[in-house]
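So the protein sequences, as listed, match chains U and L.
Each residue of the first sequence is one higher than the last, beginning at -4 in the working numbering.
Each residue of the second sequence is one higher than the last, beginning at 881 in the working numbering.
Even glycine gets a Cβ: it sits at the ideal position worked out from N, Cα and C.
These figures come from a predicted structure and were not determined experimentally.
The block underneath contains the structure these notes are about, expressed in structure tokens.
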Amino acid sequence: MRLQRWRYTLPLRWRALIGRREVERDLDDEIRDHIESRIESLIARGVPPDEARRRVRSEFGAVDLAKERCREASPMHVVDTLAKDLRYTIRTLWRSPAFAAVAILTLALGIGANTAVFSLVYNVLIARLPYPASGNLVSVTATYPNGAFAMMRDELRAMDAAVYAEGHRFTLSGHGQPLNVFGARISAELFAILGVEPALGRWPRPREDEAPRDRIVVLSHALWLRQFGGNPGVVGRSIAVDGVPREIIAVMPPAFVFPSARTQAWIPLGLDPTNTTGYWAGDYMPVIGRLRPGASRGAAEAEVRLFQSRVLARFPWPMPAEWNKDLAVVPLHDAMVGGVRTPLLILIAGVGLVLAIACANVANLTLSRAAVREREIAIRTAMGATPWRIARHLLTECLTLSACGGVLGVLLATRGLAVLKRMLPADTPRINEAALDWRVLTFAAVLAIVTGCGFGLAPVLQTRRMRLRSTLEAGGRSGGPAVASRFRRLLTVAQIACGVMLVIAAGLLIRSLWLLSDVDPGFQPREIVTARISPTLQVCEVPERCLTFYRSFEEAVESAPGVRGAALVNTLPMTGAIAKRSLQLEGFTPQPRQGAPLFWLTVVSPAYFDVMGMRIESGRVFTPADLAGPAVAIISASTARQFWPTENPIGRHVRFIGETGWRTIVGIAADVRGFDLKRSAPSFIAGIVYVPYNSSATVENGRIPSEMTVAIRTALPAESVAALVRARTPGEIALSDVRRMDDVIAATVAAPSALTRLLGAMAALAVTLGCIGVYGVLSYLVSRRIREFGIRLALGAQPRDLLWLVFREGAVLCGVGVAIGIAGATIASRWLSSELHGITPTDPTTYAVVALAISVVTMLACYIPTRRAMRVDPLIVLRDS
Amino acid sequence: MSKPQDLVQGTLDLLLLKILALEPLNGYAISQRLQQISSDELRVSDGSLYPALHKLEQEGWIVATWRTTENNRRAKYYSLSRLGRRQLERETENWTRLAAAITRVVNLRG
């Protein structure tokens, strides 16, 4: 049955597709045959030829319409009309290039921005982690030192666990110029748990993270290419990492970026139970794991909680009972991207608003055009075009525009994504995975179609309400449906409201960032340049040699031309990874079941406080005499308040747990924002202690710090300082991170400032588009009423009356838009609260300033059309009509 | 201009198929025949005859051949296909059933 049908119909369809001209000729011939036959028969009955012709014509009706309906009988007709509409659309758009260009560009900006941000959101938040069976990967929201992890690894049954300590710096030597690289310390199972095979070599074997079997290193693909020229023979070779010879066992594939993209080398933890401090108080490391078959996240969490209750007793010193108390086991994906979820969602909401505003603008434009084309549409309707046909044509036009906008938008998005990646901080998780793949392109295509239908609906609705007769009778001049004007006003109000919301969001972030940057960090970062010095083990194996090297280095730098002072410190404020020690304090007894408080230990040369410009609240700073004399310490002001709230701590004593000698407190330094611009230390740190850099200044591993940072007070630019320091450093010692202290601080607010800049740019775009919208609507209203204005003027109205007439229109639109925008922002801004510092999401000052600014800007956009209304020459207007 | 109002919707197809079942005809002859056999009761405007014919052709129920008339014009003659014959049977049956049902309703005595 079906087959038989195809036998008859297939040739017809084929002909409709291929032999269009033939089909048309057949149709002509068929109808002509009918008409001629009829005429002949009438003439045969004695009707005069002219009369016969006339009569047949009226009998038959509109020939073209009959033909059109014959064409519609063919299924190919749909393709045909589409092609025709397209041709017509391209012709009309070609004839109004300004309109087409503005519409396409606006859409391209909107679609491009959305596509770029979406590719980021998709690849960071939605796409699975690039590890096999990544759904089984979990993260424990708690951190553990080496010893606790070693216990945990052996006890857990529900999951295999691994730890990593990020943010380490290693100095590679024994192969050309020594190189300081970012690296991570890891447990042996990390790669196996993630399930990533190395590109070359092998995984670390179990227990290969225990001293002394831990003399191995794994290189990143990038480091391998750069330092070893991609030589596959490096596996099995030995290089010195921080002076310790290690065998290169593997090179990871290029896509492996764990824990972050800047990690260039991985070395094992080096578990050593004999070094109590290093084993129990070293890095506190996050734990990841892979659930074993059949185990659930809940079971793993229960197990870790049980372990947590047992491990406290195993520490060599009492631990606070609430340490890691609210731990949970969460999917690894959530743990990795949790911090960027809100900022990214804010971004996509922002670009969404921009696109909405862009759509409203294009809708306004097409509405203006539809108004001008009322006559054309009326004529087409009179010729027999159905409303559906006209609607379809208008939609084709809009979809053509949005398709062009989409293609251009995708091109813009490739650029935009590169800019986004550059603007966002480099440690944004998974940022390198973002790319314009087919999913993102699909998103762009859907976006283009949705926007095309979105702004295309407006003129379609308008034409449906158009009354044919009135338009034709009025010569296409009045007849402007009130509906359309109301719709346009609505669009404008929505635009202003969206704009206000975006600007308020940007304003809140800017104010928050400003408040944050305005915080007094506790030192004077101006005119300080810092550099990290990483001596080889040969230099620092013997503490005395290390100290001698640093002392002469410090003197050499200090006496350099242009240098006002130089000092050494083990960790600069706001750079993380600060040494930790538990402290016993004279006159302070920890609560029962609470351990000795954990302190941040800052090891400094005596000049440090002067060079950094830190205030000493009481007592004195270190002097060179302290390096050799009795052991001393300086504590921070908040530490003093916490442990000696009622008495003067100067002269009191403190002792590092695990050591015998007591240190005398000689001074109290003002608090420094050591963790970031918001906090001086993370919550688990009880206090901050400074000690002079001498042989007793040991950190967790029982040794004195060998990597130090030199802080140089100078007006010289960072590049000159780099050269100056390099010239005073022996060749085999690596020098890295030469940067201004201002940049160190700026890096801590890199994420919020990137978000602020991006949202600021969107807000600017939104306001610009919004102004164009307001301008467009008012211009349209003025041009519609220009005759009325002319008459009013002719009848004696003053130009300023007209000014008020137009201005009032604009003011009402703005007022309503701003009011709605503020209401919307009050509701929506609560999502911002986690990104704000120092202000509430409903900060009245920001709202007031934004409302005022937007009002002023939109009023300016009203000015030009208003002026045009005032300059109406009644003579010209009335003559033209 | 749209559907002939005096024709029950859908019956035009049936009439056309029936006429063409008797002999192949061109459009003009079909319109003449329509008027003749229905004694001018059923008027189909010529403007809607052709779209209807084209629709039937697209369905595969009628097929067209071109002949040259004595006046040397190209004329399109339609004839019923095998598919069309089956369709005609179906529609005739439907129509008879419908007509009978309606007649019964109309003749009801209340």
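Own chain partners of residue i with C-beta closer than 6 Å, once the 5 adjacent residues on each side are dropped
| i | result |
| --- | --- |
| U/Phe594 | Arg576, Leu578, Gly682, Val684 |
| U/Arg863 | Val777 |
| U/Met865 | Pro794, Leu797, Leu798 |
| U/Leu394 | Gly447 |
Test item: CB-CB of residue i and residue j under 9 Å
| i | j | result |
| --- | --- | --- |
| U/Cys857 | U/Ala814 | no |
| U/Ala160 | U/Leu264 | yes |
| U/Arg200 | U/Ile262 | no |
| U/Leu412 | U/Leu115 | yes |
| U/Ile26 | U/Ala57 | no |
| U/Val762 | U/Val498 | yes |
| U/Glu298 | U/Leu322 | no |
| U/Gln490 | U/Ala365 | no |
| U/Val534 | U/Phe518 | no |
| U/Arg384 | U/Thr76 | yes |
| U/Val524 | U/Arg734 | yes |
| U/Val851 | U/Ile426 | no |
Cut-off 8 Å between Cβ atoms - residues of its own chain near residue i, not counting five sequence neighbours on either side
| i | result |
| --- | --- |
| U/Arg8 | Ser69, Pro70, Met71 |
| U/Asp204 | Ile181, Ser182, Ala183, Pro263, Leu264, Gly265, Leu266 |
| L/Tyr930 | Gly907 |
| U/Pro687 | Val598, Val599, Ser600, Pro601, Phe617, Asp621, Leu622, Val627 |
| U/Glu242 | Arg210, Ile211, Val212, Gly231, Arg232, Ser233 |
| U/Glu550 | none |
Outcome for residue i when other beta-carbon atoms lying within 10 angstroms are tallied against a minimum of 16
| i | result |
| --- | --- |
| U/Thr423 | buried |
| L/Tyr958 | buried |
| U/Lys79 | exposed |
| U/Glu369 | buried |
| U/Met378 | exposed |
| U/Ala39 | exposed |
| L/Ile917 | exposed |
| U/Pro640 | exposed |
| U/Gly277 | buried |
| U/Glu702 | buried |
| U/Tyr83 | exposed |
| U/Arg285 | buried |
Given residue i as reference, the closest of the options once Cα atoms are compared
| i | options | result |
| --- | --- | --- |
| U/Gln303 | U/Leu124, U/Tyr139, U/Glu804 | U/Tyr139 |
| L/Gly964 | L/Leu902, L/Asn987, L/Ile910, L/Gly940 | L/Gly940 |
| U/Gln637 | U/Ile680, U/Ala623, U/Trp657, U/Arg48 | U/Ile680 |
| U/Gly791 | U/Ile660, U/Ala217, U/Pro254, U/Val867 | U/Val867 |
| U/Leu442 | U/Val801, U/Ala111, U/Gly833 | U/Ala111 |
| U/Val229 | U/Arg257, U/Gly196, U/Arg202 | U/Gly196 |
| U/Glu63 | U/Ser32, U/Leu88, U/Val18, U/Glu46 | U/Val18 |
| U/Trp826 | U/Pro338, U/Arg123, U/Pro92 | U/Pro338 |
| U/Val872 | U/Ser850, U/Gly785, U/Leu580 | U/Gly785 |
| U/Leu415 | U/Leu327, U/Gly107, U/Ser91, U/Phe94 | U/Gly107 |
| U/Arg698 | U/Gly557, U/Leu563, U/Pro248, U/Cys541 | U/Cys541 |
| U/Ser613 | U/Ser824, U/Asn643, U/Arg300 | U/Asn643 |
| U/Gly449 | U/Val488, U/Trp383, U/Leu390 | U/Leu390 |
| U/Gly289 | U/Val158, U/Asp738, U/Thr634, U/Gly130 | U/Gly130 |
| U/Ala632 | U/Val606, U/Ala676, U/Gly190, U/Leu452 | U/Ala676 |
Neighbourhood of residue i by C-beta, 7 Å cutoff - its chain only, sequence neighbours within 5 removed
| i | result |
| --- | --- |
| L/Ala979 | none |
| U/Asp838 | Leu503, Arg506 |
| U/Gln259 | Val176, Phe177, Gly178, Ser215, Ala217, Leu218 |
| U/Gly470 | In this prediction, U/Gly470 scores a pLDDT of 46, lower than 50, which makes its location untrustworthy; the coordinate-derived value is nonetheless stated afterwards. None. |
| U/Thr4 | none |
| U/Ala353 | Thr101, Leu102, Leu104, Gly105, Leu764 |
| U/Ala492 | Gly812, Ile815, Gly816, Gly819 |
| U/Glu553 | Gly560, Ala561 |
Residue i: contacting residues in chain B (beta-carbon distance under 9 Å)
| i | result |
| --- | --- |
| L/Leu963 | Any reference to chain B falls outside this structure, whose protein chains are U and L. |
- Contained alpha helix (DSSP H) runs [length at least 4] in the stretch 13 to 64 of chain U, N- to C-terminal order: 15 to 39, 44 to 55
- Item | Length-filtered (3 minimum) beta strand (DSSP E) runs lying within the stretch 615 to 646 of chain U | 627 to 631
- Going along the chain, which unbroken runs of the beta strand (DSSP E) with 3 or more residues stay wholly within the stretch 645 to 709 of chain U? 648 to 651, 658 to 664, 682 to 687, 703 to 709
- Run through the stretch 503 to 546 of chain U for me and flag every whole beta strand (DSSP E) of 3 or more residues, listed as ranges in chain order. 523 to 529
- Item | Segments of 4+ residues assigned as alpha helix (DSSP H) that fall wholly inside the stretch 771 to 857 of chain U | 781 to 789, 794 to 823
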